[in-house]
Amino acid sequence: MSVLSQILSFIKRLNIHSALALAGMAGPIVLTVTDLTAAFTNPNYSYIQGSISSLALTRLGWLQTIGFLAIGLLVEIFVAGLLFNIRRWRGFHLSIGLLVFFGFGLLLIGAFRTDPLGGPDTIEGAIHGLTATGVFWLFPIAILIIAPSLKNDPAWRNVFIYTLVAAVLGFILVIITGFIQDDISWFGLLERVLVANMIIWVEVAAVKLLRLSANRENR
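Residues in the sequence shown are numbered consecutively from 1, following this note's numbering.
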C-alpha cells in the first residue's frame, strides 16, 4: 500500500473523537508559534531573561494573547476526548475536572495581561499572576491523579511512566519558579521549560488519542 493510500485510509477512519484529539494537538502548536513570532519581532527581547507573559506588552502582544486564548479553548475541547476514551479509575473524574480548570486558567492568562516589570500593580496584573500560579500547580496535580487510570487502561499504559515523570518535573519546576523573581538572568528560560513540560504532555496525549480513535472502535 502506498503512502498516499495509507494516509487516505487513516483519514477515512477519523471521527468526532479524532476531532477532539486534533484540538489537543493544535493548542501547543499555536502557543509555540505565537510565542516565537512575538519574540522574534522584538529585537530587544531575550528568550532567556524575558517572561512569556511580558510579550503581551510588546508591539505584537496581541499574538501572545491569541496564543493563550487558543490553547485554553482547545485544551478544554481536548479534555472531553480524554473523558470519553480512558477507562475510569479512582480519581479520574477529579483529574478531568482539574484539567478543565487548567484550560480555563490558560484562557484567563490570555484575557488578563501581566503588569510591566517595575510598573505599578494593577488588578489585571494580579489576576494574571494568580491565575498563572494556579495553572502551574494544577497541571502536575491533574496528571498525577489521572496516572492510575492510564496505568489500568491497556490502551494508555505506555504513557503512564511518562505522565509520572512530567508530573514530578512539573512540581520541581513550579517550586523553583516560586523562589525566583522575573529580573533574574534566566527566568524566561525556566518559565519556558515549565510551559514546555505542560504542552508537550498535552501534545503526546493528543497524538495518542488520535491514533486510538482512528485505529479501533471508541470505547
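Just so it is clear, CB atoms sit at the ideal spot from N, CA and C, and this is done for glycine as well.
Please read all numbers here as calculations on a predicted model, not as lab measurements.
Problem set entry | Residue nearest to Phe-147 in terms of C-alpha spacing, selected from Ala-39, Leu-82, Ser-213 | Note on residue identity: the sequence assigns Ala, not Phe, to residue 147. The option with the nearest alpha carbon to Ala-147 is Leu-82.
Exercise. Buried or exposed: which applies to Ile-86, given that a residue is buried once 16 or more other Cβ atoms fall within 10 Å of its Cβ?
Worked result: buried
Exercise. Would you report the Cα separation of Ile-180 and Phe-187, rounded to the nearest angstrom?
Worked result: 8 Å
Exercise. Taking the C-alpha atoms as reference points, what is the distance between Ile-48 and Tyr-162?
Worked result: 26 Å
Exercise. On the three-pair Cβ rule with 8 Å, is the segment 164 to 179 touching the segment 135 to 146?
Worked result: yes
Exercise. Are Asp-153 and Trp-201 touching if we call contact CB-CB under 9 Å?
Worked result: The answer is no: Cβ separation not under 9 Å.
Problem set entry | Pairwise C-alpha distance: Ile-71 and Pro-227 | Outside the displayed span of the chain (1 to 219) sits residue 227, for which this structure offers no information.
Problem set entry | Secondary structure of Pro-43, DSSP reduced to three states | coil
For this session: Please name the residue in Thr-177, Ala-56, His-17, Val-204 whose C-alpha comes closest to that of Arg-192.
Result: Thr-177
Exercise. Roughly how many whole angstroms lie between the Cα atoms of Asn-215 and Ser-18?
Worked result: 10 Å
Problem set entry | Coarse secondary structure for Leu-36, derived from DSSP in three states | helix
Exercise. Would DSSP call Leu-60 helix, strand or coil?
Worked result: coil
For this session: Return the first residue and the last residue of the alpha helix (DSSP H) that Ile-175 is part of.
Result: 160 to 178
Exercise. Hey, Thr-114 and Ser-53 are a contact pair by Cβ (cut 8 Å); roughly how many whole angstroms apart?
Worked result: 4 Å
Problem set entry | Asn-218 (DSSP reduced to helix, strand or coil) | Confidence in Asn-218 is poor, its pLDDT being 42 and thus under 50, which makes the residue's placement unreliable; the coordinate value appears in the next sentence. Coil, per DSSP.
Problem set entry | Contacts around Val-100, its chain only, beta-carbon distance under 6 Å, and the 5 residues preceding and following it disregarded | Val-79
Problem set entry | Rounded Cβ spacing between Leu-63 and Thr-32 (contact assumed at less than 8 Å) | Going by Cβ atoms, the distance from Leu-63 to Thr-32 rounds to 12 Å, so no, they are not a contact pair.
Problem set entry | Which of helix, strand or coil DSSP assigns to Pro-154 | Per DSSP, reduced to three states, the secondary structure at Pro-154 is coil, with no helix or strand assignment.
Exercise. Shortest alpha-carbon distance to Ser-95 belongs to which of Ile-109, Pro-116, Ile-141, Gly-50?
Worked result: Ile-141
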